[in-house]
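Visitor: In the UniProt record's numbering, the protein residues as written are 1 to 142.
Provided herewith is a single structure, encoded as structure tokens, for subsequent inquiry.
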């Protein structure tokens, strides 16, 4: 006799898609870091550039986050994308400011729709961009 919902004999547990390590990482991240280190050995850290509110972008690399704030560019010359290295007109690219420390700011130019830009550049170029931004120094407010 089997349980029709899971195809298992009565009283047995259904198969789980999550390991103990996965559950520990999700429910108790600090304990997971203490026991297993910063990264899951079989999985690369999250890396991506995502649009957020008001035209801003978020660069995520593992547990680090940088916010890109759009800046109005001056002049009429073309812009060079720092990610895919294509030259774009002012209407096709955007200038961004990223605060990376107490008194340090970086300026980057990216293609206006960033998804195709990331596709052209590939993961290696995105990782290189993240290496130029991270680690962000802590900002202390008095």
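Yeah, the Cβ is synthetic: ideal placement off N, Cα and C, and Gly gets one too.
Predicted model only: the values in this text are computed from it and were never measured.
Assuming residue 109 contacts residue 49 (C-beta within less than 8 Å), just tell me the rounded distance between them.
Guide: Not quite, the Cβ-Cβ distance comes to about 13 Å (not below 8 Å), so this is no contact.
Visitor: Measuring alpha carbon to alpha carbon, tell me which residue in 74, 96, 64, 77 is nearest residue 131.
Guide: Minimum Cα distance to residue 131 is reached at 64.
Visitor: Using a beta-carbon distance below 8 Å, is residue 62 in contact with chain B?
Guide: Any reference to chain B falls outside this structure, which holds one protein chain only.
Visitor: Can you check which of these residues, 27, 90, 61, is closest to residue 111 by C-alpha distance?
Guide: Here the closest residue by C-alpha is 90.
Visitor: Hey, quick one: how far does the beta strand (DSSP E) through residue 111 stretch, first residue to last?
Guide: First-last of the beta strand (DSSP E) with residue 111: 105-111.
Visitor: Going by the CB atoms, is the gap between residue 35 and residue 71 shorter than 8 Å?
Guide: No. Outside cutoff.
Visitor: What are the start and end residues of each continuous beta strand (DSSP E) run of 3 or more residues lying completely inside the segment 32-99, in chain order?
Guide: Listed in chain order, the complete beta strand (DSSP E) runs (minimum 3 residues) inside the segment 32-99 are 47-51, 57-61, 64-71, 93-99.
Visitor: At what residues does the alpha helix (DSSP H) containing residue 128 begin and finish?
Guide: Residues 114-133.
Visitor: Assign residue 82 to one of two classes, buried (16 or more other C-beta atoms within 10 Å of its C-beta) or exposed (fewer than that).
Guide: Buried, since its Cβ has 16 or more Cβ neighbours within 10 Å.
Visitor: Have a look at 24, 100, 93 and flag the residue whose alpha-carbon is nearest the alpha-carbon of residue 133.
Guide: Nearest C-alpha to residue 133: 100.
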